[in-house]
Amino acid sequence: MSCCNSSETGFQRHDLTKRINAEDKRLINCRTVDVNQLMPLKYKWAWEHYLNGCANNWLPSEVPMQRDIELWKSDTLSPGERRVILRNLGFFATGESLVGNNIVLAIFKHITNPEARQYLLRQAFEEAVHTHAFLYIVESLGLDEREVFNMYHEVNSIRSKDAFEMTLTADILREGFTTETEAGIQQFLKNLVGFYVIMEGIFFYSGFVMILSFHRQNRMTGIGEQFQYILRDETIHLNFGIDLINGIKEENPGAWTPAFQEEISAMIAEAVEMEFLYAQDCLPKGILGLNADVFRDYVQYVGDRRLERIGLKARYGSRNPFPWMSETMDLLKEKNFFETRVTEYQHGALLQW
Ligand SMILES: [Fe+2]
Ligand SMILES: [Fe+2]
Numbered sequence: 001m002s003c004c005n006s007s008e009t010g011f012q013r014h015d016l017t018k019r020i021n022a023e024d025k026r027l028i029n030c031r032t033v034d035v036n037q038l039m040p041l042k043y044k045w046a047w048e049h050y051l052n053g054c055a056n057n058w059l060p061s062e063v064p065m066q067r068d069i070e071l072w073k074s075d076t077l078s079p080g081e082r083r084v085i086l087r088n089l090g091f092f093a094t095g096e097s098l099v100g101n102n103i104v105l106a107i108f109k110h111i112t113n114p115e116a117r118q119y120l121l122r123q124a125f126e127e128a129v130h131t132h133a134f135l136y137i138v139e140s141l142g143l144d145e146r147e148v149f150n151m152y153h154e155v156n157s158i159r160s161k162d163a164f165e166m167t168l169t170a171d172i173l174r175e176g177f178t179t180e181t182e183a184g185i186q187q188f189l190k191n192l193v194g195f196y197v198i199m200e201g202i203f204f205y206s207g208f209v210m211i212l213s214f215h216r217q218n219r220m221t222g223i224g225e226q227f228q229y230i231l232r233d234e235t236i237h238l239n240f241g242i243d244l245i246n247g248i249k250e251e252n253p254g255a256w257t258p259a260f261q262e263e264i265s266a267m268i269a270e271a272v273e274m275e276f277l278y279a280q281d282c283l284p285k286g287i288l289g290l291n292a293d294v295f296r297d298y299v300q301y302v303g304d305r306r307l308e309r310i311g312l313k314a315r316y317g318s319r320n321p322f323p324w325m326s327e328t329m330d331l332l333k334e335k336n337f338f339e340t341r342v343t344e345y346q347h348g349a350l351l352q353w
């Protein structure tokens, strides 16, 4: 059975003689409302997230990199510090593309609501900006682009996280996939949890801590600033994803069975373990006042918060060893990019060293 062809564009199914009612809108499997009509809105949260995203415009090439270039080319960074930076660039460089491709190829056609699609269009653009950031960093620092962009094949701790995500995308792209059965809705929810809660909500967070730790020491501040903007965007992606998941659960309570909840909880636990292994791999020796053991607590703490937000019980009860991360996220909400921008710097394309 082909999936919801009629709902993909709204042309085939909608009775054009009738005007739409907001209350007839559905996040998935909507058969009665034209998906091209944004108004009247039903899911105000989706529109709010869209507006919040639009308020956060930024471009990687507007962030000055000169100080990072000088530091990277000096001999003041230890091999351990270089490893942390490179591993995180390698993970994010392709991780952003995996998220963007999942939105466009796997999620978008199954979301039958125009305000949620409006957000997805915005998010897809932001993922392109994030991928752009890694090209810009690699070019600025003169890094080996093939090394950075191949880490998702070549570095085990990165490969295992990405393989986990790519399987979830492939499950949706499989021929015959449909959200019209309970098993299909569960598969779709697994994809959303895998990307919004796990990829953007857990797998990104060790990297945020490590890179922002440099920034807190006033080192590699250009990369740090880009990670701040990415973190600010990702916070909204996560919030949208959680609202979307909870909305689909509410509209399809039959799919959210106790057994399925257990499966999702176990999936998040598996991701927490993978993220801890990633942190261990990035930090074989403690640097920056960070060591891998602390990350076990941190990733478990983050995992608990994510579980709770989709209505599942916390598993770990670990404390947050990096309370400054919460403060950073609060500050970023207020941060105006143009206030912190250095006015005299060379554009990335013109950088010379
Ligand atoms: Fe992103
Ligand atoms: Fe994202």
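Note that the UniProt record's numbering has the sequence shown beginning at 1, numbered continuously upward. From the three backbone atoms N, C-alpha and C, an ideal C-beta is built for every residue, glycine too. No experiment lies behind these values; they were computed from the predicted model shown.
Cβ-heavy atom distance, residue i to ligand 2, below 6 Å
i      : result
HIS237 : yes
GLU165 : no
VAL99  : yes
GLU275 : no
GLU175 : no
MET251 : The question names Met, but residue 251 is Glu in the sequence shown. For ligand 2, not one heavy atom lies less than 6 Å from the Cβ of GLU251.
GLU234 : yes
GLU48  : no
GLU147 : no
GLU8   : no
GLU115 : no
Nonlocal neighbours in the same chain, by C-beta distance under 7 Å from residue i, ignoring five residues either side
i      : result
GLN346 : With a pLDDT of 36 at GLN346, under the threshold of 50, the predicted position of this residue should be treated as unreliable, though the coordinate-derived value follows. So no residue of the chain qualifies.
ILE111 : LEU27, ILE28, ARG117, LEU120
ALA22  : PRO40, LEU41, LYS42
GLY254 : GLU182
GLU165 : LEU98, GLY194, PHE195, MET199
Simplified DSSP state of residue i, which is helix, strand or coil
i           : result
ILE28       : strand
LEU290      : strand
ILE310      : coil
ILE236      : helix
ILE211      : helix
ILE111      : strand
ASN218      : coil
GLU126      : helix
ILE20       : coil
TYR152      : helix
ALA175      : According to the sequence displayed, residue 175 carries Glu and not Ala. In the structure shown, GLU175 sits in coil (DSSP, three-state: anything other than H, G, I, E or B).
ARG341      : Because ARG341 carries a pLDDT of 47, less than 50, the predicted location of this residue cannot be relied on, and no value is offered for it.
LYS42       : coil
ARG316      : In the sequence as presented, Arg is not what sits at residue 316; that position holds Tyr. Coil.
SER78       : coil
ASN57       : coil
THR181      : coil
GLY142      : coil
THR257      : coil
GLN186      : helix
GLN226      : helix
PRO323      : helix
LYS333      : helix
MET267      : helix
residue 364 : Coverage of the chain is limited to positions 1 through 353, which leaves residue 364 absent and any answer about it impossible.
ASP33       : The sequence given here has Val at residue 33, not Asp. DSSP places VAL33 in coil when its eight states are reduced to three.
ASN5        : No answer about ASN5 holds up, because its pLDDT of 49 lies below 50 and its placement is not dependable.
Close Cβ partners of residue i (< 8 Å) along its chain, the five nearest in sequence each way excluded
i      : result
SER265 : LEU307, LEU312, LYS313, ARG315
VAL209 : LEU290, PHE295, TYR298, PHE322, MET325
Any non-hydrogen atom of ligand 1 within 6 Å of residue i CB
i      : result
GLU96  : yes
HIS130 : yes
GLU127 : yes
Residue from the options whose Cα sits closest to the Cα of residue i
i      : options                        : result
LEU120 : THR328, ALA271, LEU244, PHE276 : LEU244
LYS70  : HIS153, GLY80, ALA116, GLY222  : The sequence given here has Glu at residue 70, not Lys. Ranking the options by Cα distance to GLU70, first place goes to GLY222.
LYS333 : ASN52, LEU38, MET39, LEU41     : ASN52
GLU145 : ILE242, LEU98, THR257, ARG87   : ARG87
TRP47  : ASN239, PRO284, LYS161, GLU270 : ASN239
THR17  : GLU23, VAL33, LYS25            : VAL33
ASP330 : GLN187, LYS44, ILE236          : ILE236
ALA271 : ARG219, SER157, GLU251, PRO321 : SER157
ASN291 : PHE108, VAL148, ALA279         : ALA279
ILE211 : ILE230, LEU189, THR257         : ILE230
ARG31  : ASN246, SER97, GLU180          : GLU180
GLU327 : ASP171, ARG309, ASN246, ARG216 : ARG216
GLY247 : ILE310, LEU277, PHE276, LEU288 : ILE310
Cβ shell of residue i (< 6 Å), same chain only, five flanking positions each side left out
i      : result
CYS282 : VAL84, ARG87
VAL197 : ARG306
LYS285 : GLY80
THR169 : ASN102, ALA106
MET274 : SER160, LYS161
TYR301 : SER318, ASN320
LYS109 : GLU8
VAL104 : ALA124
field: Stretch pair the segment 80-92 + the segment 202-212: three plus CB contacts closer than 8 Å
entry: Yes, they touch.
message: I'd like to know if the segment 168-175 and the segment 57-70 are in contact, where contact means that at least 3 CB-CB pairs between them fall below 8 Å.
response: Flag = no, the segment 168-175 and the segment 57-70 do not touch.
message: Between the segment 288-306 and the segment 225-236, can you find at least three pairs of beta-carbon atoms closer than 8 Å?
response: In short, these stretches do not touch, since the Cβ pair count stays below three.
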